[in-house]
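Start counting the sequence shown at 47; every next residue gets the next number (the numbering used here). From the three backbone atoms N, C-alpha and C, an ideal C-beta is built for every residue, glycine too. For reference, the structure is listed below as structure tokens.
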Amino acid sequence: MAVHVLALTVDLRLPACHSLKDKRAVVRTIVEGARHRFSVASAETGHQDSWQRAELGFAVVSGTVAVAEEVMAAVDRFVWSFPEVEVLSTAHHWTDTG
Numbered sequence: 047m048a049v050h051v052l053a054l055t056v057d058l059r060l061p062a063c064h065s066l067k068d069k070r071a072v073v074r075t076i077v078e079g080a081r082h083r084f085s086v087a088s089a090e091t092g093h094q095d096s097w098q099r100a101e102l103g104f105a106v107v108s109g110t111v112a113v114a115e116e117v118m119a120a121v122d123r124f125v126w127s128f129p130e131v132e133v134l135s136t137a138h139h140w141t142d143t144g
């Protein structure tokens, strides 16, 4: 049986944030929302000390490629749905085992 792991990294600009506190509120909403809605692992993975930038990472584990892609496409749409963020780039990374 194969295990498929798909990771998504999203580089964001947060133009309306004027402090790390503002940024953390937006990031927390996205990270925790994705975690609860889509059962993915999620975290802020970069730009922690910059108040107008954030890099977020998401990961899903699945027995099929199709399910992993479907879940990550939903996470991608979820991130894009936040009007207070500007998506600068996204990247998918696959790890297949077994």
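Among the options, the one whose alpha carbon lies nearest that of residue i
{"i": "residue 107", "options": "140, 72, 127", "result": "140"}
{"i": "residue 58", "options": "118, 79, 81, 94", "result": "94"}
{"i": "residue 96", "options": "67, 129, 117", "result": "67"}
{"i": "residue 69", "options": "84, 86, 87, 98", "result": "98"}
{"i": "residue 83", "options": "118, 71, 111, 112", "result": "118"}
Residue i to residue j span [Cα, whole Å]
{"i": "residue 77", "j": "residue 122", "result": "12 Å"}
{"i": "residue 133", "j": "residue 64", "result": "18 Å"}
{"i": "residue 49", "j": "residue 91", "result": "24 Å"}
{"i": "residue 73", "j": "residue 100", "result": "8 Å"}
{"i": "residue 75", "j": "residue 87", "result": "14 Å"}
{"i": "residue 80", "j": "residue 124", "result": "7 Å"}
{"i": "residue 62", "j": "residue 131", "result": "8 Å"}
{"i": "residue 136", "j": "residue 126", "result": "11 Å"}
{"i": "residue 85", "j": "residue 60", "result": "25 Å"}
{"i": "residue 129", "j": "residue 109", "result": "33 Å"}
Per DSSP, cross-strand counterpart(s) of residue i
{"i": "residue 104", "result": "54, 88"}
{"i": "residue 97", "result": "Looking at the DSSP assignment, residue 97 forms no beta bridge with any residue, so it has no partner."}
{"i": "residue 135", "result": "57"}
{"i": "residue 141", "result": "51"}
Assumed close pair residue i, residue j - CB separation to whole angstroms, cut-off 8 Å
{"i": "residue 115", "j": "residue 52", "result": "7 Å"}
{"i": "residue 103", "j": "residue 89", "result": "5 Å"}
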